[in-house]
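Encoded as structure tokens, the structure appears first; notes follow it.
Number of protein chains: 2
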Amino acid sequence: MKLSNSYFYTLRENVKDEDSTSGNLLARAGMIKKSSAGVYMIMPLGMKVLHKIETIIREEMDNTGAQELLMPSLILEEVYENSGRREAFGSNMFALKDRFQKNYVLGPTHEELFTMAAMMKGRSYKDFPYTLYQIQTKYRDETRPRFGLIRVREFIMKDSYSFDTDLDGLHVSYMKMFNAYKKIFDRMDLNYKIVKADTGAMGGLLSEEFQALCEIGEDVVVNCEHCDFSSNLEITEVIDQSVPSTEPYQDIELVATPNAKTIEEVAAFFGCQADQFVKTLIYRVDGKLYAFLLKGNRELNETKALKLLKANEIELANFEDVETVTKAKVGFAGPIGLSIPVIMDQEIVNMRNFITGANQSDHHLKNVNIKDFEVYKTADIASVKEGDICPVCGKPLVFTKGIEVGNTFKLGTKYAKSLGLEYLDADNKLQPVVMGSYGIGCERCMAAIVEQHNDEHGIIWPKSVAPFDLGIVVANIKDETQVKLAEKLYNQLKQQGYDVLLDDRKERPGVKFKDMELIGLPIRITVGKRSGEGIIEVRERTADENQEMSVEELYAYLKQA
Amino acid sequence: MKLSNSYFYTLRENVKDEDSTSGNLLARAGMIKKSSAGVYMIMPLGMKVLHKIETIIREEMDNTGAQELLMPSLILEEVYENSGRREAFGSNMFALKDRFQKNYVLGPTHEELFTMAAMMKGRSYKDFPYTLYQIQTKYRDETRPRFGLIRVREFIMKDSYSFDTDLDGLHVSYMKMFNAYKKIFDRMDLNYKIVKADTGAMGGLLSEEFQALCEIGEDVVVNCEHCDFSSNLEITEVIDQSVPSTEPYQDIELVATPNAKTIEEVAAFFGCQADQFVKTLIYRVDGKLYAFLLKGNRELNETKALKLLKANEIELANFEDVETVTKAKVGFAGPIGLSIPVIMDQEIVNMRNFITGANQSDHHLKNVNIKDFEVYKTADIASVKEGDICPVCGKPLVFTKGIEVGNTFKLGTKYAKSLGLEYLDADNKLQPVVMGSYGIGCERCMAAIVEQHNDEHGIIWPKSVAPFDLGIVVANIKDETQVKLAEKLYNQLKQQGYDVLLDDRKERPGVKFKDMELIGLPIRITVGKRSGEGIIEVRERTADENQEMSVEELYAYLKQA
């Protein structure tokens, strides 16, 4: 592509409403442009990257034998009602009516339609297994779109769905996708971790996430310093290292603590550590109030809480609810005398004589023991902390942040059962089909790559997804020798199969170099003063210096590169 | 692709709710599946066709130097309000609110967003021309989706937009697209006509349509028997061949016509031809009532009427309105004494002593003349009929029906002006950008190809878009010699670059042959009884008989084919 004949622009300044490195760099490089909150135009240069990402995904999907199709986005609302997911998605789903007042939604994910597509009369076990996929636009009405392409409301996803007759078959189909995913993310040069993740309240047998590691990530990836354990914070088990306390039980004491409401204030008041304090958190879970007891230095893991209660929604109770339940100001909740179910973290079992709120404004209780209140359930409901020990090898855990670029999910028979997808087994009996689902966010990959591959000058695209393989800069467009050589190079390199950008604009060389760095092509070739001798300058995007070489040397160099 | 390992199905019976040949055949061939009214799933075999269609379009677009990008479908409603098109689209546009009650629509076409994308500060005339395109999903809330993929509510469109500094530039950009379109539709083997079409009430300089000719088409393509004149019925000029009547004026007579309401009945009553009668049609145009006068044998051309009145919407007035205006039952409207504007077709100018309704129930008037009533406008407002004469050469016109698969449009400065897209000219003055827009309906092409290429056995895909280049049928899957030869052929042909389907299912040969004909691959290779000798049977989709040949002969044959 020749820039002189093209639509091309870059922005010198940082983009004000972009709150991430990738969003800012992609916008500045003229690759994306915001259309409305969480909705982007993918501009021509970005489209080239997106195509390359899609091609990598499509090639690896086709290699597994998966077959591509295309589902609509406009889906009857009843389809999600039938599967029981309309409510689960709630206002995350865009809903609309057609001119006949019929209810539709914009598909956020397509388990339902694929299940329906797979329905064919008289399907026999011999027709399995198969895997279908699409590269298609999804819609989710995110509460807070952010981080450029990372959390958006309209985006392209590769989603695939496997169909098997039994769990062994599912495992084979799952592993094919799983291995294809590793190839895909490796080809994109992403630094990622594969972590076990939550299978959700709706059931499901196994969920794994591909987390691209970077600071901006919204997921916490828990790793072991020593072994290869890796898990999403949401589901990581806390290994209780405490031993039963042998302290003698002491009598409960009511203590006035007028200015101590936070854990820190209470600990300071009593002159003790946070972990000698038991905090009581009031939550509303699927509409019902619960109290959760945790050591003072722990946080509630909401995913674990939901799973324990087989619920869909959890949120901190509002002030009014807390004050009604505790009959006290917020900040003084405790387990004794509460009329709502109390759920206790496992780590409290070994404690004695701890401090809790008194359910009385400006008061706490000292020397509380488990025998003093009623417990509805005891379980591991806390989030792990850095330094907690690895559930596999016992060494300390460390945290990194990740962007979920892909996930793989053994669904089992959930959708087949709710929507009626069956096959005839060898005995001519109807059985539910066993499914898996697998997703990759295409724009999110693009953003994650930029988050991981950039410097102060701009983007550093991996070769596999760079918008062009290389860029030729004509230093002085008025110098005919330079222009001629550049054109010759451009045509010859294109013939050799390279995707080449030629910057033949009437701009100063400095502007062209800056643009080339910002848009992040792997190799820059400058056709400058020594053009008469057939000498050009070559510079890899990450190198500090140019290398002078002849055109012949360049061809050899590129073959090696 | 081997069918034994694939998701594959066909339907023996016609599909009940498909009202077109293409819809029925595509559904039966397992290429599409209806999801809801006017919304389809493109199934794997159909996806292969759609990809080939998209590839042809993409290649020809790229050849013109157009650059691909991708716009969102979710668009702020205000974007269309700003351009003045929100009202024009009306309920054809799907509208929705996000969780913050902000108004969005699903894009039916993207002039606005492309105009906005093209806005960059300080654009100079030197940055032009350029053309941008996308292959992207569109949404239109059609009143009556029908004919399979031909009139749907969600579909993929290639839309491109050209940006120039003046009309000469626009013409060059336009012709590039126009010529690319011819290549595209030629490559798809479509039989089409290019016709002049309406530029709409909103202005625009030139509109041409690419009409794939077939019976099911919703557009009427007007052709000349003699010259190459071709035009959409909507805008074809009626050449008035009448000469001024020299009959003496006679006195108006009120005639009781109790049982004559239709043109035929009135003509029979008076013993005259329909063209001696002038009919009066009451329409509501942008909310206001008008009377249109036409010869009894003519129909009103609504496009011409809209254009004449510079209006957006036209519909027949309801019975109540007609009765109020005419002070009579429906069926007796006439021009004399009407209080609404009367618009008269040009052909009436030369008439004398004609019959009209009397604006009195069960009565008509004889010997009416133009001098007897007031005319607001006289113009060509009638639709041409077959047999009318060609505006270019005077020979008779003939009609064919067409499906609009593409259109090209010189927009001019309409969007640039309404949305503020300007450039700095050589004198550093701001000027509006001159735009063109160009569309191709991808699924509609697929349907039009099937409408034109089928027989009683199924689809006959042109080579350029067939889901596979050829299909190999193993006659007897239990015969090891056959299976071995078929596998060998399959692998070798794939290595030679052919896209091959291998039917290795455990089915009777008759079933396999029928399926192969239904899905319409250009060439079928049967590996049967003479496999031991290395002899196979070859049959083109349109041939009546097999040709026996050796494998070597096959390779030579395919190279020629």
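Residue numbers (this note's numbering), protein chains in the order written: chain A, 19 to 579; chain B, 19 to 579.
Even for Gly, the Cβ is constructed at its ideal location relative to N, Cα and C.
Source: prediction; values computed, not measured.
Any C-beta of chain A under 8 Å from that of residue i
i: Y192(B); result: no
i: S180(B); result: no
i: D116(B); result: yes
i: S40(B); result: no
i: P62(B); result: yes
i: A45(B); result: no
i: I93(B); result: yes
i: A113(B); result: yes
Rounded straight-line distance, which links the Cα of residue j to that of residue i
i: F288(A); j: V238(A); result: 33 Å
i: F350(A); j: Y122(A); result: 47 Å
i: L224(B); j: Q85(B); result: 23 Å
i: G352(A); j: D207(A); result: 51 Å
i: N581(B); j: G438(B); result: The requested residue 581(B) does not occur in the structure, where chain B is confined to residues 19 to 579.
i: S54(B); j: D116(A); result: 12 Å
i: R316(A); j: V360(A); result: 17 Å
i: H381(A); j: V273(A); result: 6 Å
i: V170(A); j: K328(A); result: 29 Å
i: K211(B); j: G412(B); result: 20 Å
i: Y151(A); j: M195(B); result: 33 Å
i: P254(A); j: G102(A); result: Reading off the sequence shown, one finds Thr at residue 254(A), where the question assumed Pro. Between T254(A) and G102(A), the C-alpha separation is close to 28 Å.
i: Q513(B); j: A444(A); result: 37 Å
i: E558(B); j: E77(B); result: 28 Å
Helix, strand or coil at residue i according to DSSP, with G and I counted as helix
i: E99(B); result: helix
i: R548(B); result: helix
i: L43(B); result: helix
i: N110(B); result: helix
i: K322(A); result: helix
i: R523(A); result: coil
i: P62(A); result: helix
i: N81(B); result: helix
i: S178(A); result: strand
i: F26(B); result: coil
i: H475(A); result: coil
i: Q578(B); result: helix
i: R104(A); result: helix
i: L21(A); result: helix
i: K435(B); result: helix
C-beta atoms of residue i and residue j nearer than 8 Å
i: V491(B); j: D517(B); result: no
i: F181(B); j: Y148(B); result: yes
i: E226(A); j: V240(A); result: no
i: M59(A); j: L429(B); result: no
i: L185(A); j: V452(A); result: yes
i: E469(A); j: S40(A); result: yes
i: I174(A); j: Q154(A); result: yes
i: A323(A); j: I257(A); result: no
Range covered by the alpha helix (DSSP H) that runs through residue i
i: P527(A); result: P527 to I537
i: V468(A); result: C460 to Q470
i: K347(B); result: Unbroken run through K347(B): none, as it is neither H nor E.
i: N315(A); result: No alpha helix (DSSP H) holds N315(A); DSSP gives it neither H nor E.
i: L507(A); result: E498 to Q513
i: N197(B); result: L185 to R205
i: V261(B); result: Note, V261(B): premise wrong, no alpha helix (DSSP H); not H, not E.
CB contact check: residue i to chain B, cutoff 8 Å
i: K156(A); result: no
i: A400(A); result: no
i: D390(A); result: no
Limits of the beta strand (DSSP E) - the one that residue i falls within
i: V123(A); result: N121 to L124
i: D237(A); result: D237 to C242
i: K428(B); result: L415 to G430
The ligand GDP heavy atom lying under 7 Å from the CB of residue i
i: L442(A); result: What this structure holds is no ligand at all, so the ligand GDP is not there to describe.
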